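Undergrad:
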Amino acid sequence: MYVAVKGGEAAILATHDLVAEARRGDPAVPEISVAQIREQQALACARVMNEGSLYDQDLAALALKQSQGDVIEAAFLMRAYRTTLPRFGSSEPLDTAAMAIRRRVSATYKDLPGGQVLGPTYDYTHRLFDFALMEPQQAPSPLGWGEGMPRDAQNAGSPSVPSSDPASPGHLLPQGEKERAPLDATMPRVPDILGAEGLMEAEEPPEGDPRPFDLTRDPVSFPADRDVRLQSMARGDEGFLLGLGYSVQRGFGGTHPFVGEVRVGEVAVEFVPEELGFAVDLGDVTLTECQMVNQFQGSKDVPPQFTRGYGLVFGHSERKAMSMSLVDRALKARDFGEATNYPAQQDEFVLYHADNVEAAGFVEHLKLPHYVDFQGELELIRRIRREREERLAQEQNAMPEAAE
Amino acid sequence: MTIHQMPADDTKPAYNYAYLDEQTKRMIRRALLKAVAVPGYQVPFGSREMPLARGWGTGGIQITAAIIGPADTLKVIDQGADDTTNAVSIRKFFERTADARTCEATDEATIIQTRHRIPEAPLKSGQVMVYQVPMPEPLRRLEPREAETRKMHAWAEYGLMQVKLYEDIARYGEITKTYDYPVMVNGRYVMAPSPIPKFDNPKMHMSPALQLFGAGREKRIYALPPHTSVRSLDFEDHPFRIQSWTQPCGLCGAGDSYLDEVVIDDQGGRMFVCSDSHYCETRRAEGHRGTMLGDAAASGLVEEAAQ
Amino acid sequence: MSAQAMIAPGFSDPVFQSQAAFRALLAALSEPGTLQRVTGEIAPPEGLATATAIALLTLADYETPVWLPEALRNGPAGAWLRFHCAAALVDDPTEAAFAVLDGAAGEPKLSAFNLGTDQFPDRSTTVIVQITALEGGTALTLAGPGIPGTRAITPQGLRSGFVEGLRENGALYPLGIDVLLAQGDGLIGLPRSTQIEEAR
Numbered sequence: 002m003y004v005a006v007k008g009g010e011a012a013i014l015a016t017h018d019l020v021a022e023a024r025r026g027d028p029a030v031p032e033i034s035v036a037q038i039r040e041q042q043a044l045a046c047a048r049v050m051n052e053g054s055l056y057d058q059d060l061a062a063l064a065l066k067q068s069q070g071d072v073i074e075a076a077f078l079m080r081a082y083r084t085t086l087p088r089f090g091s092s093e094p095l096d097t098a099a100m101a102i103r104r105r106v107s108a109t110y111k112d113l114p115g116g117q118v119l120g121p122t123y124d125y126t127h128r129l130f131d132f133a134l135m136e137p138q139q140a141p142s143p144l145g146w147g148e149g150m151p152r153d154a155q156n157a158g159s160p161s162v163p164s165s166d167p168a169s170p171g172h173l174l175p176q177g178e179k180e181r182a183p184l185d186a187t188m189p190r191v192p193d194i195l196g197a198e199g200l201m202e203a204e205e206p207p208e209g210d211p212r213p214f215d216l217t218r219d220p221v222s223f224p225a226d227r228d229v230r231l232q233s234m235a236r237g238d239e240g241f242l243l244g245l246g247y248s249v250q251r252g253f254g255g256t257h258p259f260v261g262e263v264r265v266g267e268v269a270v271e272f273v274p275e276e277l278g279f280a281v282d283l284g285d286v287t288l289t290e291c292q293m294v295n296q297f298q299g300s301k302d303v304p305p306q307f308t309r310g311y312g313l314v315f316g317h318s319e320r321k322a323m324s325m326s327l328v329d330r331a332l333k334a335r336d337f338g339e340a341t342n343y344p345a346q347q348d349e350f351v352l353y354h355a356d357n358v359e360a361a362g363f364v365e366h367l368k369l370p371h372y373v374d375f376q377g378e379l380e381l382i383r384r385i386r387r388e389r390e391e392r393l394a395q396e397q398n399a400m401p402e403a404a405e
Numbered sequence: 081m082t083i084h085q086m087p088a089d090d091t092k093p094a095y096n097y098a099y100l101d102e103q104t105k106r107m108i109r110r111a112l113l114k115a116v117a118v119p120g121y122q123v124p125f126g127s128r129e130m131p132l133a134r135g136w137g138t139g140g141i142q143i144t145a146a147i148i149g150p151a152d153t154l155k156v157i158d159q160g161a162d163d164t165t166n167a168v169s170i171r172k173f174f175e176r177t178a179d180a181r182t183c184e185a186t187d188e189a190t191i192i193q194t195r196h197r198i199p200e201a202p203l204k205s206g207q208v209m210v211y212q213v214p215m216p217e218p219l220r221r222l223e224p225r226e227a228e229t230r231k232m233h234a235w236a237e238y239g240l241m242q243v244k245l246y247e248d249i250a251r252y253g254e255i256t257k258t259y260d261y262p263v264m265v266n267g268r269y270v271m272a273p274s275p276i277p278k279f280d281n282p283k284m285h286m287s288p289a290l291q292l293f294g295a296g297r298e299k300r301i302y303a304l305p306p307h308t309s310v311r312s313l314d315f316e317d318h319p320f321r322i323q324s325w326t327q328p329c330g331l332c333g334a335g336d337s338y339l340d341e342v343v344i345d346d347q348g349g350r351m352f353v354c355s356d357s358h359y360c361e362t363r364r365a366e367g368h369r370g371t372m373l374g375d376a377a378a379s380g381l382v383e384e385a386a387q
Numbered sequence: 006m007s008a009q010a011m012i013a014p015g016f017s018d019p020v021f022q023s024q025a026a027f028r029a030l031l032a033a034l035s036e037p038g039t040l041q042r043v044t045g046e047i048a049p050p051e052g053l054a055t056a057t058a059i060a061l062l063t064l065a066d067y068e069t070p071v072w073l074p075e076a077l078r079n080g081p082a083g084a085w086l087r088f089h090c091a092a093a094l095v096d097d098p099t100e101a102a103f104a105v106l107d108g109a110a111g112e113p114k115l116s117a118f119n120l121g122t123d124q125f126p127d128r129s130t131t132v133i134v135q136i137t138a139l140e141g142g143t144a145l146t147l148a149g150p151g152i153p154g155t156r157a158i159t160p161q162g163l164r165s166g167f168v169e170g171l172r173e174n175g176a177l178y179p180l181g182i183d184v185l186l187a188q189g190d191g192l193i194g195l196p197r198s199t200q201i202e203e204a205r
C-alpha cells in the first residue's frame, strides 16, 4: 500500500520500544548485570573488544547486554563510541616476552625455557553438558573430566585448572600451588629461540621505525603493508579469518604451519607523554599471541629459513590469534615471490572482507527500500518482453507471405 | 565506578556539533576540495565509523556533517520520499546532533541528502546535493581488484566498460543497466552516479547545483561542480534513453516524473505514483488530480488538498 | 615577550567559523573565478592575508605539511601556523599539502609543487597565491567545470609568466596543483580543471 512509506517516524519510535522489551525478556527473570557479563562471558567480551577495536571490558559487557548478545552489533556499538574518543598518542610497543603468562603452549618443542603452561583451556574438556550449571553454583565448577566422577583431591584447591596426570607430567608444569605462583619473569618466544640460531625469518621494523598505519584514520591502498594487514585482521571477523585460515590448511594457499607458540596473559601498556619524556604505566591488558612457524624458504642469496605467521589479539582469543597468524603468513606470499592464487593470499580480498561491521552493514542494507531501482528493472524487463513478442508476432505474420 | 561517564556537564552528551570531531571534518573538507578540482575522480578519505550502519548512508552523512552549518536547511530523501524510514532516521540524526533546520520542499533546501533519486523540481545555484553511494567504483563489476581499476582510471582505459555495454546490446538489443548507469564526467573520468535510476542521469548534466558523493564503507568521496558535463555512456547507433511509463501518476497526474509501482490488491491491480513525494504533494496542492486520487483519499491513504 | 605572547589569536569559535570559511572555499573551487569572501574576524599574522590565514586555520593540521616562503616561515606567520594548526613547515615544495606564495615572486614555479600522481591526482599541493587585488587588473577568461560558458577575472599583482604557468598546470589535467588567489578577505579559486585565456 502507498501508506507503507508513510509514518516512518512513528514506526521508528515504536521499534525502539519493541527492542527494549525484547532485550529484557521475561521480567520475572532477574536482569543480567554488566559485571556478570564481564566476569562470566569474558570470551564473548574479548571478541567484542577485538572486533570493536577497543580494549574495555566494561564497555564490551555493556555492548553485549545492549545488543542482546549479538556480537557484531556489540562490536558496532564499540566502534561507534571509539571513533569519538580523543587520541593522546601511541603507546610504547608491548613486550610480549615479558607477559605475565597464564597459558603458553608450543607444538614445536617438548620443553623449552619457562616450560609449557596448559592454563585454562577448553581443549581437553569433553563437550558434555554439565547440567549442574543449570542451577547457580556455590564454587566455580570444573570443566571436563570432573562431572560425576570423584575429583582428584590435590586439585580441589584449584578447580579451574584441569588436572594433569602427576605420574607422567610430560612437558606440563606441575599443577597446584606452583601453577598459581609467578612463572619465570620472561619467557623467550619460540621464534626468538629459532632466530638465535638464524633459522627464523628476521623481522625488522621498516626504516626509521615509523608509527604504524591506522586504517581507522586513513584510507587503505593496495598492496597493503604488513602493519595494515595485521591491524585489519586483529579487528576482523573471527569466523571469516577462521575460514580463510582453514582454507590455507586445506591447500588453498599451501603453507605448512606449526604452532611455535600460543601464549595468553597480561602485558603492561606504557605511554610516554610529551611533557614528561619518560614512560608511564597505564595498566595491563590481557592478550593472546600466536606465532606460527612455517616451512622454510630460501634462495640463492638467503639460506633456507622458517617463515613466520603472527597473530595478536585482545583477551583470551586463541582461535582468532591462530587464524590470524595463518592468514598473516599466507598474505606474505607476494613478499616471498610465491603465487597468490587463493583468497587468503590476496590482501585486497582479505582486508576488504574481514570487517564484519562493514560487511553486515552492506549485506543488511538490502533491507532498505530499493523500489526506485526495482521499478527501473521492471520497466526494462516488461518492455524487452513486449518488444520480443511484437517481433515474434511480426515474424509469424510475415511467414505465410514468405511461403507464398 | 566507570570512567566512561560523559563529562559531568549534565544532559547533553559531549558530541561535537554535527557529531564529527573537527579534525575529521578538516580531513573530509580537504577531500571535498580535491574532489571538486578533479570532477568524477574518487578521492580516498579516512571514512570514520559512524553510529549508523555501513551501507545505510554513512558516506553521505559524513559529507553533510562536514559541510552543514547554522545557515543551512536540510532535506533528506530516500527513494525520492522524505518519509521513508531511513530518511527519517538520518534527518533525526542531524536534528539531534546539529540542531539542523529541516524541510521537505526541494526549493527551500540548501543541502539535499539523497539515496537513489534526484528531485523532480529543478535544482538551483547554491544548493548542494549529497548522494549516498554504496559502490563508488563504476568498473567494479567488471574488475573486482581496486589496484586494477585505479590504473584503468589513471590511464583513462575504459575499453572494458564499452565492451560490457556492447555485449548487452548484442544480447538484448539495448543496454540493460537501469540504475547506477555509468557517466563520463568532463570528458575524463567514468563515474558511478550512485543507484539513481537512469531517468535522473540527464539532471546531473550541467546542473547549477553542486553535487557531492560519499561512499562511507568504500571510503571514497567524489564531486561534480556546477555546470559540469555529465554524459551517460552510449553508442551512436544505440543512444542513451530513459525510462517512460504508459500512464501518469495516479495521485497527481504528472506525466513527467519517475513513478513507483504500488500493488493494490491480489488481483494484479497496480497503481503508479510519483516517487518524489514532495513533488506529488505540491502538484496535488496546486489542484492536479490523478485518476486514483479519489479512491486513495477516501481510504485515508493520502490527504486530499483542500480546494 | 614569550613566543606564545607574540602569536596572534586564531578563531574565537572554531566550529562555526571554520564551517563558514569552508563553504566559501568549497564555492571558490567548485565555481572557479567567483569572488568569495571569508569572514572570521581574525587578526592574521604579518605576511598572511586574512583569507590566507582563515583558509589555513580551516584546512591545515598536523596531517598537512605547509610550505611558506622563507621570510614567512621564520617569522610570526610560521610560529602562528605551528601554534594554531600544529602543521609541519617544510622546505621541500613537493612535500607540501598547502603552500602560500607571493604572486609577484619569481620562485618557486607552480610546477615545483606536488602535482599528484596518475593514480592519486588528489595528492597534489593546494597553493594560495597572495596578490595585490582580486579585481581591476588585466582580464583573464576562464572556462571549464563550475563555469557556465566563460567567466572573466581581473586579478592584480601576478608576475609576468604566472598565467603561462597556470596554463601549463591546466595542461597536466587531471594532475596539477589547485590555486586560490587571496587578498584581504577575498578568495578566487583556480583549480587545475580551469582553462585560462588572456583576453586579447
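Residue numbers (our numbering), protein chains in the order written: chain G, 2 to 405; chain W, 81 to 387; chain H, 6 to 205. The beta-carbon is built from N, C-alpha and C at its ideal position, and this holds for glycine as well. Just so we're clear, the structure is a prediction, and the values are computed from it rather than from any experiment.
1) To the nearest angstrom, how far is the alpha carbon of residue 11 of chain G from that of residue 163 of chain W?
2) Just checking: is the beta-carbon of residue 149 of chain W within a distance shorter than 9 Å of some beta-carbon in chain C?
3) Which of the three DSSP states is assigned to residue 5 of chain H in this structure?
4) Are the CB atoms of residue 111 of chain W and residue 127 of chain H nearer to each other than 9 Å?
5) Which residues share a DSSP beta bridge with residue 291 of chain W?
6) Along chain H, which residues have their Cβ under 7 Å away from the Cβ of residue 117 of chain W?
7) Tell me whether the beta-carbon of residue 225 of chain W lies closer than 9 Å to the beta-carbon of residue 124 of chain H.
8) Taking CB distances under 9 Å as the criterion, tell me whether residue 235 of chain W reaches chain G.
9) By how many angstroms is the C-alpha of residue 319 of chain G removed from the C-alpha of residue 131 of chain H?
10) Note down, in chain order, every chain W residue with its Cβ under 8 Å from the Cβ of residue 31 of chain H.
11) If you reduce the DSSP assignment to three classes, tell me which class residue 271 of chain G lands in.
12) Out of G:296, G:374 and G:285, point me to the one whose CA is closest to residue 438 of chain G's CA.
13) Assuming residue 337 of chain W and residue 356 of chain W are in contact, meaning their beta carbons sit under 8 Å apart, how far apart are those beta carbons, in whole angstroms?
14) Which residues of chain G have a Cβ atom closer than 9 Å to the Cβ of residue 338 of chain W, listed in chain order?
15) Using the Cα positions of residue 337 of chain G and residue 239 of chain W, report the straight-line distance between them to the nearest angstrom.
16) Measure the alpha-carbon distance for residue 299 of chain W versus residue 310 of chain G and round it to whole angstroms.
17) How should residue 387 of chain G be labelled, buried or exposed, when 16 other C-beta atoms within 10 angstroms of its C-beta is the threshold for buried?
18) Considering only C-alpha positions, which residue in the set G:139, G:90, G:47 and G:96 is nearest to residue 79 of chain G?
19) Where residue 292 of chain G and residue 358 of chain G are concerned, what is the direct C-alpha to C-alpha distance, given to the nearest angstrom?
20) Per DSSP, which one or two residues make a beta bridge with residue 289 of chain G?
21) With C-beta atoms as the reference, is residue 126 of chain W less than 9 Å away from residue 217 of chain G?
22) For residue 202 of chain H, write down the residues that DSSP places opposite it in a beta bridge.
23) Taking C-beta pairs closer than 9 Å, name the residues in chain H that residue 231 of chain W reaches, listed in chain order.
24) In chain order, what residues of the same chain lie with their CB nearer than 6 Å to the CB of residue 114 of chain W, ignoring the 5 residues before and after it?
25) With a threshold of 16 other CB atoms inside 10 Å of the CB of residue 155 of chain H, please say whether the residue is buried or exposed.
26) Interface residues of chain W around residue 151 of chain H at Cβ under 9 Å?
27) For residue 266 of chain W, list the residues DSSP reports as bridge partners.
28) Please classify residue 87 of chain G: is it buried, with 16 or more other beta-carbons within 10 angstroms of its beta-carbon, or exposed?
29) For residue 381 of chain G, name the three-state secondary structure that DSSP assigns.
30) Measuring only between beta-carbons, confirm whether residue 106 of chain W sits less than 9 Å from chain H.
31) If residue 96 of chain W sits next to residue 71 of chain H, beta carbons under 8 Å apart, how far is it from one beta carbon to the other, in whole angstroms?
32) How about residue 63 of chain H: is its C-beta nearer than 9 Å to some C-beta of chain W?
33) In its own chain, which residues sit with a C-beta less than 7 Å from the C-beta of residue 74 of chain G, not counting the 5 before and 5 after it?
34) Please compile the residues from chain G whose C-beta is within a distance smaller than 8 Å of the C-beta of residue 285 of chain W.
35) Report the start-end ranges of each beta strand (DSSP E) in the region 293-362 of chain G that is 3 residues or longer and not cut off at the edges.
36) For the beta strand (DSSP E) containing residue 187 of chain H, list its first residue and its last residue.
TA: So, to answer that:
1) For the purposes of this step, residue 11 of chain G is taken as residue 10 along the first sequence, with counting starting at 1. For the purposes of this step, residue 163 of chain W is taken as residue 83 along the second sequence, with counting starting at 1. Our two residues, residue 11 of chain G and residue 163 of chain W, have alpha carbons roughly 10 Å apart in a direct line.
2) In the displayed structure, chain C is absent; the protein chains listed are G, W and H.
3) Given a span of 6 to 205 for chain H in the structure shown, any question on residue 5 of chain H remains unanswerable.
4) For this step, residue 111 of chain W is matched to residue 31 along the second sequence. For this step, residue 127 of chain H is matched to residue 122 along the third sequence. Against a cut-off of 9 Å, the Cβ pair of residue 127 of chain H and residue 111 of chain W comes out as a contact.
5) Taking the second sequence and counting its residues from 1, one reaches residue 291 of chain W at position 211. BP columns for residue 291 of chain W point to W:209 and W:304.
6) Your numbering for residue 117 of chain W matches position 37 in the second sequence. Ordered by position in chain H, the residues that pass the 7 Å Cβ test against residue 117 of chain W are 34, 183, 196, 197 and 198.
7) Taking the first residue of the second sequence as position 1, residue 225 of chain W is located at position 145. Taking the first residue of the third sequence as position 1, residue 124 of chain H is located at position 119. Their beta carbons are not under 9 Å apart, which means residue 225 of chain W does not touch residue 124 of chain H by this criterion.
8) Locating residue 235 of chain W in the second sequence gives position 155, counting from the first residue. With 9 Å as the cut-off, residue 235 of chain W does not count as an interface residue toward chain G.
9) Numbered from its first residue, the third sequence carries residue 131 of chain H at position 126. Numbered from its first residue, the first sequence carries residue 319 of chain G at position 318. Roughly 48 Å separates the two Cα atoms.
10) For the purposes of this step, residue 31 of chain H is taken as residue 26 along the third sequence, with counting starting at 1. Here the neighbours are 109, 112, 113, 116, 147 and 290.
11) Position 270 of the first sequence, counting from 1, holds the residue named residue 271 of chain G. Strand, per DSSP.
12) Limits of chain G in this structure are 2 at one end and 405 at the other, which puts residue 438 of chain G out of reach.
13) Against the second sequence, residue 337 of chain W aligns to sequence position 257. Against the second sequence, residue 356 of chain W aligns to sequence position 276. Right, the Cβ-Cβ distance comes to about 6 Å (below 8 Å), so this counts as a contact.
14) Working through the second sequence from its first residue, we reach residue 338 of chain W at position 258. Within chain G, the C-beta atoms nearer than 9 Å to that of residue 338 of chain W come from 373, 376 and 377, in chain order.
15) One-based indexing of the first sequence puts residue 337 of chain G at position 336. One-based indexing of the second sequence puts residue 239 of chain W at position 159. The alpha-carbon of residue 337 of chain G is positioned some 34 Å away from that of residue 239 of chain W.
16) In the second sequence, counting from the first residue as 1, residue 299 of chain W sits at position 219. In the first sequence, counting from the first residue as 1, residue 310 of chain G sits at position 309. Their Cα atoms are separated by approximately 29 Å.
17) One-based indexing of the first sequence puts residue 387 of chain G at position 386. Counting every other CB atom within 10 Å of its CB across the protein chains shown gives residue 387 of chain G a total below 16, marking it as exposed.
18) Here residue 79 of chain G refers to the residue found at position 78 when the first sequence is read from its first residue. The residue with the shortest Cα to Cα distance from residue 79 of chain G is G:47.
19) Here residue 292 of chain G is taken as the residue at index 291 of the first sequence, counted from 1. Here residue 358 of chain G is taken as the residue at index 357 of the first sequence, counted from 1. Here the C-alpha atom of residue 292 of chain G lies approximately 27 Å from the C-alpha atom of residue 358 of chain G.
20) As a first step, residue 289 of chain G must be located in the first sequence, where it is residue number 288. Looking at the DSSP assignment, residue 289 of chain G forms a beta bridge with G:265 and G:314.
21) The residue labelled residue 126 of chain W in the question sits at position 46 within the second sequence. The residue labelled residue 217 of chain G in the question sits at position 216 within the first sequence. Closer than 9 Å, so yes.
22) As a working mapping, residue 202 of chain H is identified with position 197 in the third sequence. Paired residues: H:146.
23) Residue numbering aside, residue 231 of chain W sits at position 151 when the second sequence is read from its first letter. Here the neighbours are 123 and 124.
24) Indexing the second sequence from 1 puts residue 114 of chain W at position 34. Scanning its chain for C-beta atoms nearer than 6 Å, with the 5 sequence neighbours on each side dropped, one finds around residue 114 of chain W the residues 123, in chain order.
25) As a first step, residue 155 of chain H is located in the third sequence; it is residue number 150 there, counting from the start. Residue environment: residue 155 of chain H is assigned as exposed (fewer than 16 neighbouring CB atoms within 10 Å of its CB, all protein chains considered).
26) Locating residue 151 of chain H in the third sequence gives position 146, counting from the first residue. Proximity of chain W to residue 151 of chain H at the Cβ level (cut-off 9 Å) is accounted for by 116, 119, 290, 305, 306, 307 and 308, in chain order.
27) Stepping through the second sequence from its first residue, residue 266 of chain W is reached at position 186. Per DSSP, none; premise fails for residue 266 of chain W.
28) As a first step, residue 87 of chain G must be located in the first sequence, where it is residue number 86. By the neighbour-count criterion, in which 16 or more other beta carbons inside 10 Å mark a residue as buried, residue 87 of chain G falls on the exposed side.
29) Position 380 of the first sequence, counted from the first residue, corresponds to residue 381 of chain G. It is helical.
30) Taking the first residue of the second sequence as 1, we reach residue 106 of chain W at position 26. Chain H, which has a Cβ nearer than 9 Å to the Cβ of residue 106 of chain W, makes this yes.
31) Your numbering for residue 96 of chain W matches position 16 in the second sequence. Your numbering for residue 71 of chain H matches position 66 in the third sequence. With 8 Å as the limit, residue 96 of chain W and residue 71 of chain H do not qualify as a contact, their Cβ atoms being about 24 Å apart.
32) Numbered from its first residue, the third sequence carries residue 63 of chain H at position 58. Chain W, which has a Cβ nearer than 9 Å to the Cβ of residue 63 of chain H, makes this yes.
33) Mapped onto the first sequence, residue 74 of chain G falls at position 73. Excluding sequence neighbours, residue 74 of chain G sits near 68.
34) In the second sequence, the residue the question calls residue 285 of chain W occupies position 205. Result: empty, since nearest Cβ-Cβ is about 19 Å, beyond 8 Å.
35) Taken in chain order, the complete beta strand (DSSP E) segments of 3 or more residues contained in the region 293-362 of chain G are 306-315.
36) For the purposes of this step, residue 187 of chain H is identified with residue 182 of the third sequence, where counting begins at 1. According to the DSSP assignment, residue 187 of chain H belongs to the beta strand (DSSP E) that extends over 183-188.
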